[in-house]
Amino acid sequence: MWLPHSFIALLLAVLANGSPTNTTIDDSSSSFTFTGASGGWNTITPTSPCDICSSNPDPSLVHDGTWHDGNIRSGAGPTTGSFTFQGSAVYIFGIDQAESQPDIAFTLGSIQSVHHYTGTEQFVYNALFFSATGLAADQTYTVNWQFNVADTGVVVQAALFDYAIVTSGEEDSTTTTPAPATTGATGSSQSTTSPAVSKTHSSGSKGQTSGSWVLSPFP
């Protein structure tokens, strides 16, 4: 059966675009950088626990069993970090904790957002720290963040970064936040999108971004 060249070209274009794909990237990836004053970050892995860290979440509930524990206190140098990616959307996840968490100020181009957990749970796993959607899929972006001391009365404040999810390919007109990564798995993973969050506040001036979200349980 002979097919017109125009039909073949259209079919190839559809196959090339495909559906958006979500890739989970662990905090141990080189896509993340954790910078700032000496001692500002501690790297926790199954073979390298942190004996001096005041925050001790359950490793079995953390993606790949690894996370970065960043801390700040009044008068100390800045604690900063970044995540570099290429895709149409990005979601950065961590572990929220009551009272001891600083304000985390995120910047992506003209997008600015501050995340701070105000709940009472000791640890909230798969918490969405930052997200931005509607980005050009073929461009490379860097999300930067800096800790600011929150007015909680806690002297040493800490934030725990776990992983990111990057959407590759053009998004649908209706965008939903991807479900959290399955804990215990190793390496990068891919999935389709599904709604799994409730929004508490958002801000941003380019694309779409969220500043403070809490994920619902796994679907």
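When the letters of the sequence shown are read in order and numbered with our numbering, they come out as residues 1450 to 1668. The C-beta atom is built at its ideal place from N, Cα and C for all residues, glycine as well.
By the Cβ criterion, the segment 1591-1598 is in contact with the segment 1546-1555, since at least three pairs of Cβ atoms, one from each stretch, lie closer than 8 Å. In the three-state DSSP reduction, Gly1530 falls in the strand class (E or B). Unbroken beta strand (DSSP E) stretches of 3 residues or longer found wholly inside the segment 1496-1527: 1516-1522, given in chain order. The bridge partners DSSP lists for Leu1584 come to none.
In this structure, Ser1509 lies away from Glu1619, with their beta-carbon atoms at least 8 Å apart. With respect to the C-alpha of Val1511, the residue from Val1615, Leu1609, Thr1616 and Ile1614 having the closest C-alpha is Leu1609. Within the same chain, Gly1536, Ser1537, Ser1617, Gly1618 and Glu1619 come within 7 Å of Ala1586 by CB-CB distance, once the 5 residues on both sides are set aside. Beta-bridge annotation (DSSP): Ala1613 is paired with Ile1474 and Ile1541. It is roughly 20 Å from the alpha-carbon of Leu1577 to the alpha-carbon of Pro1469. A buried status is given to Gln1550, since no fewer than 16 other beta-carbon atoms sit within 10 Å of its beta-carbon. Rounded to the nearest angstrom, the gap between the Cα atoms of His1565 and Asn1597 is 10 Å. The segment 1472-1487 and the segment 1568-1583 do not touch, with fewer than three beta-carbon pairs separated by less than 8 Å. Within its own chain, the residues whose Cβ lies closer than 6 Å to the Cβ of Pro1506, once the five positions on either side in sequence are excluded, are Ile1544 and Phe1572, listed in chain order. The continuous beta strand (DSSP E) containing His1564 extends over residues Ile1560 to His1564. For Asp1552, the pairing in a beta bridge is given by DSSP as Asn1597.
Counting the other Cβ atoms within 10 Å of the Cβ of Gly1514 gives 16 or more, which makes it buried. As DSSP reads the structure, Thr1492 sits in a beta bridge with His1517. Sequence-distant Cβ neighbours of Phe1483 in its own chain, meaning closer than 7 Å and more than five residues away, are Trp1490, His1517, Gly1519 and Gly1530. Contact between Phe1532 and Ser1480 holds, with the beta-carbon distance rounding to 6 Å and staying under 8 Å. According to the DSSP assignment, Phe1481 belongs to the beta strand (DSSP E) that extends over Phe1481 to Gly1485. In this structure Ser1562 touches Phe1579 by the C-beta definition: roughly 6 Å separates them, less than 8 Å. Remark: C-beta atoms of Asp1475 and Tyr1574 do not approach each other more closely than 8 Å.
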